[in-house]
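*Asks:* Provided herewith is a single structure, encoded as structure tokens, for subsequent inquiry.
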Amino acid sequence: MATTPATGPAPRRRTGASRERQSTHEGFLVHKNGKWIKISAALALALILLYIFVPLPPHHFGSSWLGYTLGTVGALLILWLTALGMRKRAITPGRWSLKAWTSAHVWLGVLLIVIGTLHSGFAFGWNVHTLAWALMMIVIISGIFGVTAYATLPRALSANRYDAEGAITEKQMVEALRSLDRQLHDAAQPLDRECAMLVDRSLEQDPFTGSIINRLTGRYPGDATREAASELRRLRAHRPRIADDPLDKVDALLTRKEAMLARLRRHLRIKGWLQAWLYIHVPMTFALIAALSAHIVSVFFYW
Amino acid sequence: MSEVYKVAIIGSGPAGMSAASRAAQLKLPHVLLEKTDHLSDTIYKYQKGKHVMATPSQLVLRSDQEFDAGKREDILGRWNKRTEELGVNVKYNAEVKSIKGTGPAIEGSIQKIVTRARDGSTTTTELQRHAPPYAITLTSGEVVMAEAVVLAIGTQGNPNLMRCPGADLPHVTYQLDDPYAVLDEHIIVVGTGDAGIENARGLAEDPAQGNVVTVLNRSPKSANVRESFATAKEPNAKALVEDDAAGKLTIRYETETKAIEPGWITLNTRDGEERIRCDRIIARIGSAPPRGFVEGCGIEFASNDRLAFPTLSPQFESTAPGIFVIGALAGYPLIKHCMNQGYDVIEFINGNTDLKPADEPLLEAKFAGLPGKRSVAEWLELLRTNIAILNGMTTLQLREFMLDSDARFTRAGDTIFEKNDPGSSLFAIADGSVNVRIDPNDPSKVVPIQKGSIFGEVGLISGRRRGATVVAASDCICIEISRNAALKLQSQVPSARRAIERISTERQLLQMFGSGLTPDDVREVVDTAKIMSVRAGDAIITEGADDKDIYVIRVGSMIVEKVVGGKPVFLSYLPAGSYVGEMALIDGGQRTATVRAAIKSEVIKIDGEAFGRVLAAKPALLERARRDMEARRATNAFVESKKDGFSGVVDLYSEQAKFLVSQGLGEATDVLLIDERLCVGCDNCEKACADSHDGLSRLDREAGKSFAHLHVPTSCRHCEHPHCMADCPPNAIHRGPDGEVFIDDTCIGCGNCQRNCPYGVIRMDKVPPKKPSLLSWLLFGSGPGPGEPPYKWSKKNTKYTGDPVADDKLDRKKAIKCDMCAGIEGGPSCVRACPTGAAIRVSPDEFLTVARLENEGA
Chain A
10 MATTPATGPA PRRRTGASRE RQSTHEGFLV HKNGKWIKIS AALALALILL YIFVPLPPHH
70 FGSSWLGYTL GTVGALLILW LTALGMRKRA ITPGRWSLKA WTSAHVWLGV LLIVIGTLHS
130 GFAFGWNVHT LAWALMMIVI ISGIFGVTAY ATLPRALSAN RYDAEGAITE KQMVEALRSL
190 DRQLHDAAQP LDRECAMLVD RSLEQDPFTG SIINRLTGRY PGDATREAAS ELRRLRAHRP
250 RIADDPLDKV DALLTRKEAM LARLRRHLRI KGWLQAWLYI HVPMTFALIA ALSAHIVSVF
310 FYW
Chain B
14 MSEVYKVAII GSGPAGMSAA SRAAQLKLPH VLLEKTDHLS DTIYKYQKGK HVMATPSQLV
74 LRSDQEFDAG KREDILGRWN KRTEELGVNV KYNAEVKSIK GTGPAIEGSI QKIVTRARDG
134 STTTTELQRH APPYAITLTS GEVVMAEAVV LAIGTQGNPN LMRCPGADLP HVTYQLDDPY
194 AVLDEHIIVV GTGDAGIENA RGLAEDPAQG NVVTVLNRSP KSANVRESFA TAKEPNAKAL
254 VEDDAAGKLT IRYETETKAI EPGWITLNTR DGEERIRCDR IIARIGSAPP RGFVEGCGIE
314 FASNDRLAFP TLSPQFESTA PGIFVIGALA GYPLIKHCMN QGYDVIEFIN GNTDLKPADE
374 PLLEAKFAGL PGKRSVAEWL ELLRTNIAIL NGMTTLQLRE FMLDSDARFT RAGDTIFEKN
434 DPGSSLFAIA DGSVNVRIDP NDPSKVVPIQ KGSIFGEVGL ISGRRRGATV VAASDCICIE
494 ISRNAALKLQ SQVPSARRAI ERISTERQLL QMFGSGLTPD DVREVVDTAK IMSVRAGDAI
554 ITEGADDKDI YVIRVGSMIV EKVVGGKPVF LSYLPAGSYV GEMALIDGGQ RTATVRAAIK
614 SEVIKIDGEA FGRVLAAKPA LLERARRDME ARRATNAFVE SKKDGFSGVV DLYSEQAKFL
674 VSQGLGEATD VLLIDERLCV GCDNCEKACA DSHDGLSRLD REAGKSFAHL HVPTSCRHCE
734 HPHCMADCPP NAIHRGPDGE VFIDDTCIGC GNCQRNCPYG VIRMDKVPPK KPSLLSWLLF
794 GSGPGPGEPP YKWSKKNTKY TGDPVADDKL DRKKAIKCDM CAGIEGGPSC VRACPTGAAI
854 RVSPDEFLTV ARLENEGA
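Residue numbers (my numbering), protein chains in the order written: chain A, 10 to 312; chain B, 14 to 871.
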């Protein structure tokens, strides 16, 4: 049907700054065609083979040449992996990409299991050395959990935002709740004292209250909106039916509010999970660095 | 008729007032006629406290009145005081009805006035000009006599009046100075242009005002605000519809006024008549340009174009001897120009013919770098004679034109611009010649362009990057004409417009179909080509139709869609510079797909038969067209084959493409998209943006629309013809060397760009104070951390100096928008700082292709 003008190579930057241009996109796990997963897998395999086939002393493996090498590489790698926190926040000029860093962070982090464990020579005990290894494993496992969350939850987060009319944002959800509250307030005016109290409790309850447990499970026992809805329905069953019952409108509004509340809470739950693991991952990293320092100092002083 | 003044000045705006002041200073017998009871009505009507600009800043002011940028009130105050001091003879409430020469008839001097009726027919009347002195008749019946007349009435014209019974009642008004001063009234706003909408929204903004505002709209209600509010800017119309939905005001569709009486108004609605309360009517139904009146004075205009200006001598004298035209009516809307002309015109009338215009030093500077020592006048004459499109210009127009343009001298072999440079200016060759490189890899393959012609017109028209490198073939002098100057030139000089259109059509064809063609081959095609403008959403080709014409997209972009399995499926996106419609011509048969405009576009319609003859004569060309067609067909077949009832893959791809086009990708050059399947909501993109740009984020990740996991955040699309640039008083918005649209430091914070942007990506804000370093935040927790600091922190940490000027600067809000991180090594920080790869920047030609269907199984 038609032709488009030939598109040449990406235009040169004229301001002296250069820029990577990516029109196709891939996620951080498979960045550059899975470059880092390949590197990590190859290194892991090579190290395991070395460990198996290179003749080394049966005890005190850590002080052998391979042990020292693994230990040094492992310690430096831990520091480098920690530096992601800086890289993420220091928006300096340069041709770096946080996605590439994340990709490397994830796969080299997984590789650390092999490096650290081989470095231990499988000699575990109740000492500071094993403590460092254990902390490292906690950090890595929490990280793996985080990667899983990053890989799966965004879809759910996105899907939760859509309804028949398109996607809405968190802000719009909160606004919708406020608007429903205003309408509830008006609709509840003709109600008697008992019913009005129930609606009032729903209005007064802050949708953001609740502990971290509530947030992560998405369960909010004692939710005033749900209670108000069921209680009103129960009360109504015992009353004579009348035309244009103000309870009808309140009931409809409470149902809508419940649905919107559920949606907002689902949103917050998913967002909560996307962040929660960092509260283990990051503090444990610092504990690991402390234990690692103790490990290094002790092996050199008390050998 | 006691006195014949030496000069009568009509209109007391900056131009007329400055002229009258000069006349008073020179002690010439003069009179200044002003329609209203105050000076300078246009500026008087500016909203309260408006900051008035003094551009162009490099122009020297030459007037007996002073003027500098400042508040409306201060400026008016100074002018009033000075006018009084100088003893200017002002006659207020003196609206001029007609100006007629009272001397003998001037032989052979006949003014032809063409009036155009609504149905398109024209009538021509002839008017015999008479010599001065002129009799100026006022609406009061009084007659003022003057030997010379200076017409400085501006272009504001008179507002169109309401015509129903009762329209002359005092509560029917045509302007609104301060909407917030109107309280507890029932108000009807007539007219749904921007002025009407702004008034209505202002009146209903605060519920505490207690106003009941009703907007009358003749058009029917439509989901598309562009249909129901055709004359308003889209964001304005949308805001009005939102206010209506929120119950702040009422829009009555398909409604007109029938009659007005005190306190009430009768409306004609679709369901019959209705009488409602009404304490005030604000009618904003446009204004009649003063052209009819001006022509009636014997003054000829340069063309029939709606935007044309009167034909003037270098001394501002019109075709009616003794009547001088200055200011906005002469084509100079800027206050400084107006004031200078007021001074100059009185000097000329007083016999000072040696006076050089005030812009002389500016023009001298423009020509300073050129070889050959010529005076400004000689240079202008050289340009006019050498450059074909400038032939029809008057010296005055040429001077003005050169202020917006640049003269450049380029040595043989040097590059003038390179392929893929951004640029929307037009070049004209005043001396020498240039070569266009048609093969980037082979410098010997060139097409020469000779002296007098133009180049660079593709960038001017389409807003896209330069299509080829242009090198000076010999030492040459070129004029680089800015886009604004080029548009003005085309409206002032119709022959220039035609020449530019013809050249661009011809070159477009030659460029598209390769080097085998010569201008002679396509002459017939070019002669029969028509330029059409197409509204967004309108189709130029309809599937199943029998026509055979070919269309070249000149401005804007198109989408191709085809009905597959009962649903329209998006096939491809065509940017400006593509052609479409050859299948039906080459293979015969009906149209196989529908092509519609993604945004407001312009196409060149080429007669199918004429083009068919070119194809028949040139087998190589036919071969090429066939190849293009086959490639296209393969894509279509691919899309169609993927379309089976189960997967919905094609539906998704198609719907997604349409969604992106509706989000402005059709006019975008570079836009940020977020893949929601990868986005973890960390907002690192926003934080990175803020940290790269003075602590203010230029993007809002969460806001904006999403469709099928693709999110278009609120962030600049860097449009081909940016809406924000359209009305920037200090001209602070430019396209940078990397294609980015950016706002420079001369921004005055007026907010025009924010209002004009249909995508809401510009924010007005002040720059927060500098944050402590990242390290001190990480280690000691000082400062607010990465990203935009909270408002409270900024407020607390702004260090006021106590000096009102410096503090005012700290608090001054400026327009802030994405500049694509121009000049920052590594490119846009939003993309660099995304940890998961969810944020990508794309251009529509790369992104809206079937490749996505193949790569991603989208």
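Positions of the beta carbon are idealized from the N, C-alpha and C atoms, including for glycine.
#1: Which bits of chain A does C692 of chain B rub up against, with CB to CB less than 9 Å?
#2: For A300 of chain A and R730 of chain B, what's the separation of their Cα atoms in angstroms?
#3: Which of helix, strand or coil does DSSP assign to M158 of chain B?
#4: State yes or no: is the beta carbon of I100 of chain A nearer than 8 Å to at least one beta carbon in chain B?
#5: Name, going along the chain, the residues of the segment 34-51 of chain A whose beta-carbon falls closer than 8 Å to a beta-carbon of chain B.
#6: Looking at V652 of chain B: is its Cβ nearer than 8 Å to the Cβ of V582 of chain B?
#7: State the Cα-Cα distance for the pair T101 of chain A and I48 of chain A, rounded to the nearest angstrom.
#8: Just reading off the beta strand (DSSP E) that S307 of chain A is part of, what are its end residues?
#9: Are any of the Cβ atoms in chain B nearer than 8 Å to that of Y159 of chain A?
#10: Hey, which unbroken runs of the beta strand (DSSP E) at 3 residues or more fall wholly within the segment 455-526 of chain B?
#11: With 8 Å set as the bound, which would you pick, yes or no: does the beta-carbon of S106 of chain A sit closer than that to a beta-carbon of chain B?
#12: DSSP state of Q767 of chain B, grouped into three classes?
#13: Quick check on the burial criterion: 16 or more other C-beta atoms within 10 angstroms. Buried or exposed for N697 of chain B?
#14: Secondary structure at D254 of chain A, three-state DSSP: helix, strand or coil?
#15: Drop a sphere of 10 angstroms on the beta-carbon of E16 of chain B, count the other beta-carbons inside from all chains shown, and report buried for 16 or more, exposed for fewer.
#16: Just the C-alpha distance for T294 of chain A and V662 of chain B, rounded to the nearest angstrom, thanks.
#17: Give a yes or no on contact between the segment 447-456 of chain B and the segment 493-507 of chain B, applying the rule of three or more CB pairs nearer than 8 Å.
#18: For G285 of chain B, name the three-state secondary structure that DSSP assigns.
#19: By the DSSP assignment, the beta strand (DSSP E) with R421 of chain B in it spans what residues?
#20: So that I know if they touch, is there some Cβ in chain A lying closer than 8 Å to that of T55 of chain B?
#21: Determine the burial state of H68 of chain A: buried for a count of at least 16 other Cβ atoms within 10 Å of its Cβ, exposed for fewer.
#22: Compute the Euclidean distance between the alpha carbons of L712 of chain B and E35 of chain A, then round it to the nearest angstrom.
#23: What does L283 of chain A reach in chain B if we use C-beta pairs closer than 9 Å?
#24: Which residues in chain A sit within 7 Å of H722 of chain B, going by Cβ to Cβ distance?
#25: Could you please give me the residues that DSSP links to K901 of chain B through a beta bridge?
#26: Does chain A have any CB closer than 8 Å to the CB of L164 of chain B?
#27: Can you grab the Cα-Cα spacing for the pair R511 of chain B / T205 of chain B, in whole Å?
#28: Since E179 of chain A meets chain B, which of its residues come closer than 8 Å, beta carbon to beta carbon?
#29: So L270 of chain A and Q192 of chain A are in contact, right, with Cβ under 8 Å, and what is the actual spacing, rounded?
#30: Determine whether the beta carbon atoms of V226 of chain B and A213 of chain B lie at a separation below 8 Å.
#31: Just list the alpha helix (DSSP H) runs in the segment 14-62 of chain B, keeping only unbroken ones of 4 residues or longer that don't cross its boundaries, in chain order.
#32: Tell me the start and end of each unbroken beta strand (DSSP E) in the segment 37-76 of chain A that is at least 3 residues and wholly inside, in chain order.
#33: Out of curiosity, what's the CA-to-CA distance linking N454 of chain B and S487 of chain B?
#34: Quick one: which chain A residues come within Cβ less than 7 Å of R845 of chain B?
#35: Which chain B residues are close to G175 of chain A, counting only those with a beta carbon under 9 Å from its beta carbon?
#36: Quick check on this structure: which residue in B:D77, B:G154, B:E360, B:A589 has the alpha carbon closest to the alpha carbon of N106 of chain B?
*Replies:* In brief:
#1: Within the second sequence, numbered from 1, the residue matching residue 692 of chain B stands at position 679. Near C692 of chain B (Cβ distances below 9 Å), the residues of chain A are P163, L166, S167.
#2: Your numbering for residue 300 of chain A matches position 291 in the first sequence. Your numbering for residue 730 of chain B matches position 717 in the second sequence. Going by C-alpha positions, A300 of chain A is about 50 Å away from R730 of chain B.
#3: Working through the second sequence from its first residue, we reach residue 158 of chain B at position 145. Looking at M158 of chain B - three-state DSSP - the assignment turns out to be strand.
#4: Residue numbering aside, residue 100 of chain A sits at position 91 when the first sequence is read from its first letter. Closer than 8 Å: yes.
#5: If the cut-off is 8 Å between Cβ atoms, the segment 34-51 of chain A has H34, E35, G36, F37, H40 near chain B.
#6: Working through the second sequence from its first residue, we reach residue 652 of chain B at position 639. Working through the second sequence from its first residue, we reach residue 582 of chain B at position 569. Cβ distance < 8 Å, so V652 of chain B and V582 of chain B count as in contact.
#7: Position 92 of the first sequence, counted from the first residue, corresponds to residue 101 of chain A. Position 39 of the first sequence, counted from the first residue, corresponds to residue 48 of chain A. Taking the straight line from one Cα to the other gives about 27 Å.
#8: To locate residue 307 of chain A, count along the first sequence from 1; it is residue 298. Secondary structure note for S307 of chain A: it is in no beta strand (DSSP E), and the uninterrupted alpha helix (DSSP H) holding it is 287-310.
#9: Working through the first sequence from its first residue, we reach residue 159 of chain A at position 150. At a cut-off of 8 Å, the C-beta of Y159 of chain A has a neighbouring C-beta in chain B.
#10: You should have 459-462, 482-485, 489-494.
#11: Counting from one through the first sequence, the residue named residue 106 of chain A turns up at place 97. Residue contact with chain B for S106 of chain A: present (Cβ-Cβ distance below 8 Å to some residue of chain B).
#12: Counting from one through the second sequence, the residue named residue 767 of chain B turns up at place 754. In the structure shown, Q767 of chain B sits in a helix (DSSP, three-state: H, G or I).
#13: Looking up residue 697 of chain B in the second sequence gives position 684. It is buried - the Cβ of N697 of chain B has at least 16 other Cβ atoms within 10 Å.
#14: Here residue 254 of chain A is taken as the residue at index 245 of the first sequence, counted from 1. Note: D254 of chain A maps to coil in three-state DSSP.
#15: As a first step, residue 16 of chain B is located in the second sequence; it is residue number 3 there, counting from the start. With fewer than 16 other Cβ atoms within 10 Å, it is exposed.
#16: As a position in the first sequence, residue 294 of chain A is number 285, starting the count at 1. As a position in the second sequence, residue 662 of chain B is number 649, starting the count at 1. Each residue's alpha carbon lies about 44 Å from the other.
#17: Touching, no.
#18: Taking the first residue of the second sequence as position 1, residue 285 of chain B is located at position 272. G285 of chain B falls in the strand class under three-state DSSP.
#19: Numbered from 1 along the second sequence, position 408 holds the residue referred to as residue 421 of chain B. For R421 of chain B, the uninterrupted beta strand (DSSP E) run begins and ends at 418-423, by DSSP.
#20: The residue labelled residue 55 of chain B in the question sits at position 42 within the second sequence. Nearest CB-CB separation between T55 of chain B and chain A: not below the 8 Å threshold.
#21: Numbered from its first residue, the first sequence carries residue 68 of chain A at position 59. H68 of chain A comes out exposed.
#22: Taking the first residue of the second sequence as 1, we reach residue 712 of chain B at position 699. Taking the first residue of the first sequence as 1, we reach residue 35 of chain A at position 26. The C-alpha of E35 of chain A is placed about 22 Å away from the C-alpha of L712 of chain B.
#23: Residue mapping note: residue 283 of chain A aligns to position 274 of the first sequence, counting from 1. Under the 9 Å cutoff, chain B gives V693, G694, C695.
#24: By one-based count along the second sequence, residue 722 of chain B stands at place 709. Going along chain A in sequence order, the residues near H722 of chain B (Cβ under 7 Å) are S167.
#25: Chain B is shown from 14 up to 871; residue 901 of chain B falls before or after that span and cannot be answered.
#26: In the second sequence, the residue the question calls residue 164 of chain B occupies position 151. L164 of chain B does not count as touching chain A.
#27: As a working note, residue 511 of chain B is residue 498 in the second sequence. As a working note, residue 205 of chain B is residue 192 in the second sequence. Linking R511 of chain B to T205 of chain B through their CA atoms gives a straight-line distance of about 34 Å.
#28: Reading the first sequence from its first residue, position 170 is the one you call residue 179 of chain A. Identification of chain B residues near E179 of chain A by a Cβ-Cβ cut-off of 8 Å yields E715, ordered along the chain.
#29: Working through the first sequence from its first residue, we reach residue 270 of chain A at position 261. Working through the first sequence from its first residue, we reach residue 192 of chain A at position 183. The C-beta separation of L270 of chain A from Q192 of chain A comes to about 14 Å, leaving the pair out of contact by the 8 Å criterion.
#30: Here residue 226 of chain B is taken as the residue at index 213 of the second sequence, counted from 1. Here residue 213 of chain B is taken as the residue at index 200 of the second sequence, counted from 1. Contact flag set, yes.
#31: For the segment 14-62 of chain B, whole alpha helix (DSSP H) runs of length 4 or above, ordered along the chain, are 27-38, 54-57.
#32: For the segment 37-76 of chain A, not a single whole beta strand (DSSP E) run of length 3 or above is found.
#33: Indexing the second sequence from 1 puts residue 454 of chain B at position 441. Indexing the second sequence from 1 puts residue 487 of chain B at position 474. Per the coordinates, the alpha-carbon of N454 of chain B lies some 21 Å from the alpha-carbon of S487 of chain B.
#34: Within the second sequence, the letter at position 832 stands for residue 845 of chain B. Among the residues of chain A, those whose CB is under 7 Å from the CB of R845 of chain B are W105, S106, L107, following chain order.
#35: Residue 175 of chain A sits at position 166 when you count from the first residue of the first sequence. Within chain B, the residues near G175 of chain A are K718, S719, F720.
#36: Residue 106 of chain B sits at position 93 when you count from the first residue of the second sequence. Shortest Cα-Cα distance from N106 of chain B to any of B:D77, B:G154, B:E360, B:A589 involves B:G154.
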